[in-house]
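Numbering follows this note's numbering, in which position 60 of the sequence shown is assigned residue number 1141; successive positions increment by one, without gaps.
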Amino acid sequence: MDAEVLIVGAGPTGLMLANQLARRGVRISIIDQNAGPSVRTKALGVQARTLEIYSHLGIAAAAVALGHRVDGANIWTEGRRAARVPMGDIGQDLSPFPFLLILGQDDNERLLGACLQDRGHAVSWNTRLLALDQSHDGVAATLGQADGTTREVHVEFVAGCDGAHSSVRRLCGIDFADAPYEDLFFVADTEATGGMTPGELNIFLWRRGFHLFFPMRGANHWRVVGIVPVELRAREDITFAQVAPFIVRQAGIPLAFQRCGWFSPYRVHHRRAARFRDRRCFLLGDAAHIHSPVGAQGMNTGLQDAYNLAWKLALVCAGRADPGLLDSYDTERAPVAERLLRTTDQGFTFFVSPRWYAEVFRTRILPRAISMAMRRERGRRLAFRTISQIGIRYARSPLSRMLSPLPGDAPCAGDRFPWLALRFTPHCPAEDLFSRLDDTRFTLLLFGQPAPEHKGVANLPGDVQILAVPRDEHNDAVLRRAHLPMPSFFLLRPDGHVGCAGTTLDAAALMDYLEGAMRLRAGSMAAAMSGA
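Encoded structure:
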């Protein structure tokens, strides 16, 4: 094999997958048909769950320093500020990153690309996927190079991270039903001054749509996303100079654009691939699902696709797990994409509806309703869980199993395990649980019960790190707030989601889960858990 995994597409999703596989020792090759990284990008919002994943790559701090934290969102209608929604630490106590970060897709790609380069890997630019031939033991991929020559590579798996016009999806014959919106969007990188609240997200709602002003690095630097006016849609080569007067008029506040660095109109579609896997080929990110930009979910969802697939591919490539484990990628991620398409479509349709009652609700009632809901802790927590993607669950996954019942409010199999500050040694300072998790391994969390005597699991195939949380006043209070009973145990998958859980640890039942549901091969886990 020339590589174990060929990654087609070097956008955020492809670079995330490449990094996650490389750090797990998988031999990769990553190609992209473009000449280099993106310079004009539409994706802007980086959610808390993405930053949690970035922390394991060692780039979360750089992302936060490079981006712009959003402290508030201002909703404007008919020339007045109808509501301000505080967003500073909206997710306090829910994530180490309790905020929305504005960071362009291009900056995300630079961070991920530099991280991959530090691991000794480089993207093969100007390289196209021309053909695929799958067999029972691998894939032969024909690649077209910049000089017009072709070459064939042999790999175990192919990951299609190559966007809306995915070659991998087309060559696999996977349907991608097209449902475009009639509205034409635009994105513009601008320098602007006016009545906008500086440093915060400004949302302008008008009769037939919206304009979003995202604060970027630098004085008066705004990324503007909106809908091209109906009067201009039939024109070819639309310019920002033509769109700007409409933005100023629709905003209804003092507003002037001093400069536009770049401007790009684009169509928005809502599509989902009929399946995310064809034998040895997988679809991720925009190659698998496209939706409206409502909620800033698109790029983040692709990054989570990659995080979900990477640890499974790594186990299979290393011979630690049966290939059947890979079936869970489609089972877990397709429902997430389907739900996202449904909710963003409903939200977008509402925001552009021309019906009079929709206009009244959108411009008069909605801002007040949002403002009132966000004044309450329950409303803030619900909003953060949804937008930040920490609320994504795989409850119906074949990898999720409760080995014994826990109280209704306790974390369940399939949930992202909550972020906690715990004492792992009596009388020592509390530590961030997430900083203790090694996302290249499984983690067995034990509450109110001793750790197994066997400690030599670190270097064994399919290893499990064991963290026993001792009882003390601090830990007891934290666990009560998180609805974690004593005794209980949680086996966390490498991606931080609960694989199985129960009350008192039963080593035989845990082994059955690992070898059955998780498809880990018996020899790889028996030694690791023999002391449990």
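Don't be surprised by glycine CBs; every beta carbon is placed ideally from N, CA and C.
Between Ala1099 and Ile1112, the C-beta spacing is not below 8 Å.
Contact annotation: the segment 1266-1284 does not touch the segment 1210-1227, with fewer than three C-beta pairs closer than 8 Å.
One thing to note: Gly1153 has its Cβ within 8 Å of the Cβ of Arg1165. In the three-state scheme derived from DSSP, where H, G and I count as helix and E and B as strand, Ala1415 is classed as helix.
With contact defined as three or more Cβ pairs closer than 8 Å, the segment 1409-1420 and the segment 1128-1139 are not in contact.
In the three-state scheme derived from DSSP, where H, G and I count as helix and E and B as strand, Met1483 is classed as strand. Membership of Val1559 in the alpha helix (DSSP H) is indicated by the continuous run Glu1554 to Arg1562. Rounded to whole angstroms, the Cβ separation of Glu1233 and Ser1119 is 28 Å, and the two are not in contact under 8 Å. DSSP places Trp1287 within a strand segment (E or B) once states are collapsed to three. Restricting attention to alpha helix (DSSP H) runs no shorter than 4 residues, the segment 1289-1372 encloses them at 1321-1332, ordered along the chain. CA-CA distance, Phe1291 to Arg1150, rounds to 22 Å. Judged by pairs of C-beta atoms under 8 Å, the segment 1560-1579 does not touch the segment 1453-1464, as fewer than three such pairs exist. Annotated three-state conformation of Tyr1388 is helix, per DSSP.
Along the segment 1138-1213, the alpha helix (DSSP H) occurs as fully enclosed runs of 4 or more residues at 1141-1147 and 1186-1199, listed in sequence order. Contact check for Arg1497 against Gly1379 fails: the beta carbons are separated by 8 Å or more. In this chain, Arg1497 is not harboured by any beta strand (DSSP E), its DSSP state being neither H nor E. If you look at Arg1251, you'll find it in the alpha helix (DSSP H) that goes Ser1248 to Leu1252.
Rounded to the nearest angstrom, the gap between the Cα atoms of Met1483 and Ala1402 is 21 Å. Per DSSP, reduced to three states, the secondary structure at Gln1101 is helical. Contact annotation, Gly1172 with Ser1469: C-beta distance approximately 6 Å; criterion of less than 8 Å satisfied. Within its own chain, the residues whose Cβ lies closer than 8 Å to the Cβ of Gly1139, once the five positions on either side in sequence are excluded, are Cys1196, listed in chain order. Note on geometry: alpha-carbon atoms of Val1204 and Arg1474 lie some 33 Å from one another. Residue range Pro1261 to Gly1275 is occupied by the beta strand (DSSP E) that includes Asp1264, with no alpha helix (DSSP H) assigned at that position. The beta carbons of Arg1361 and Phe1257 sit no closer together than 8 Å.
Contact between Gly1092 and Gly1366 holds, with the beta-carbon distance rounding to 7 Å and staying under 8 Å.
Taking a 10 Å sphere around the C-beta of Glu1554, we find fewer than 16 other C-beta atoms and assign the residue as exposed. Inclusion of Met1168 and Phe1178 in the CB contact set at 8 Å is not warranted, their separation being larger than that value. Residue pairing for Glu1233: DSSP places it in a beta bridge opposite Thr1223.
Distance from the CA of Leu1293 to the CA of Arg1456, rounded to the nearest whole angstrom, comes to 23 Å. In its chain, beyond the 5 residues on either side, Leu1210 have a beta carbon closer than 6 Å to the beta carbon of Ser1248. Between Pro1296 and Glu1281 the beta-carbon gap is near 6 Å, inside 8 Å, which marks them as a contact. Residue state for Asp1520 is assigned as coil, using DSSP reduced to three classes. Comparing alpha carbon positions, the residue from Asn1283, Asp1513, Trp1303 and Ala1454 closest to Gly1342 is Trp1303. By the neighbour-count definition (other C-beta atoms within 10 Å, threshold 16), Met1453 is an exposed residue.
Ranking Ala1332, Ile1371, Gly1299 and Arg1251 by CA distance to the CA of Arg1348 puts Ile1371 first. Closest in C-alpha terms to Phe1570, from the list Ser1485, Arg1104, Leu1384 and Arg1504, comes Ser1485.
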